[in-house]
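I have placed the structure first, in the form of structure tokens, so that the comments after it can refer back to it.
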Amino acid sequence: MGFEAGFRGNQATEDYVTIQDGPFAGATTKVIANLRQRLADWYDEQSSEDRVMEMFSPGHTENDLVEGVGSNLGSNSGIDQFVDDIEADARDHGRVGHAQKAARANRDADGNVKLLRRHFESTDDIGSDQKVASLHFPSMQRRIADFEDVRRAMNGTDLTEVTPAIRQRVNNGILEYIFVRRRGNFLVPPRRYRAVPKPRPES
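First residue of the sequence shown: 4, per this note's numbering; consecutive thereafter.
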């Protein structure tokens with residue numbers, strides 16, 4: 004949606020998302036979602052400052068932290084410093100940021116990021132021949148519950164009670180412009196237990 008994504012400092016490590024003990028030790032869980040995006044409206048309805056607010060946080064706009072697509076942010080979006088401001092931002096600006104909301108649930112007690120996210124854009128409309136802006140979004144985490152916690156924070160339902168300016172899909176991060184079409188939850192076994200053919204270059 005016009006910005007850098009997947010900042011290294013905002014991603015969990017592979018070790019962190021690996022299940023440590025029990026019958027599934029060495030495995031991880033994976034959520035894969037397909038989302039449809041309203042990109043034309045995202046660009047037509049919002050100024051560049053508005054898009055920074057809704058993707059990151061109002062603080063990113065106020066402090067001119069994002070240049071262009073955000074390459075200047077380096078390996079960390081800097082979102083952690085604005086998480087505690089979210090209710091004040093809701094009241095003062097009448098909107099909150101997508102990353103700002105999600106980060107509330109995407110850290111453990113020691114400040115470690117819980118989710119390892121990957122995504123890629125496409126024009127697939129699964130089940131039809133239409134070309135639509137879409138996003139394939141896989142996320143890996145130790146527990147599916149970790150993803151659910153982050154998704155719940157991203158929904159921002161609690162923030163609709165702070166100010167009437169924020170509704171479930173209005174001024175609530177990027178929810179007005181993305182729609183989940185499909186989602187699946189999976190257990191990913193360790194590599195040694197996967198059925199992957201060995202290369203046979205001699206054949």
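Ideal placement from N, C-alpha and C gives every residue a C-beta, glycine not left out. All values reported here derive from a predicted model rather than from experimental measurement.
Exposure of residue i, with buried meaning 16 or more beta-carbon neighbours within 10 Å
i: Pro167; result: exposed
i: Asn188; result: exposed
i: Val72; result: exposed
i: Arg197; result: exposed
i: Asp87; result: exposed
7 Å Cβ shell around residue i - same chain, five flanking residues per side excluded
i: Ile64; result: First, the amino acid is wrong: residue 64 is Thr here, not Ile. Answer for Thr64: Glu52, Val55 and Met56, listed in chain order.
i: Met58; result: Met4, Phe6, Gly100, His101, Ala102 and Ile177
i: Gln14; result: Val116, Leu119 and Arg120
Of the listed residues the options, nearest to residue i (C-alpha basis)
i: Arg107; options: Ala8, Ile89, Arg197 and Gln40; result: Ile89
i: Arg94; options: Ser131, Val165 and Asp128; result: Val165
i: Ile147; options: Gln171, Pro26 and Ile35; result: Ile35
i: Val173; options: Ile22, Glu48 and Ala91; result: Glu48
i: Leu42; options: Ala136, Thr163 and Asn158; result: Ala136
Beta-carbon separation (whole angstroms), residue i vs residue j, contact threshold 8 Å
i: Leu76; j: Phe10; result: 7 Å
i: Ser60; j: Ile82; result: 7 Å
Own chain, CB closer than 8 Å to residue i, minus 5 neighbours either side, in chain order
i: Tyr19; result: Asn115, Val116, Lys117, Leu119 and Arg145
i: Arg194; result: none
Euclidean distance between Cα positions of residue i and residue j
i: Asn37; j: Asp152; result: 19 Å
i: Thr163; j: Arg98; result: 10 Å
Nonlocal neighbours in the same chain, by C-beta distance under 6 Å from residue i, ignoring five residues either side
i: Phe85; result: Ser60, Gly62 and Gln103
i: Gln133; result: none
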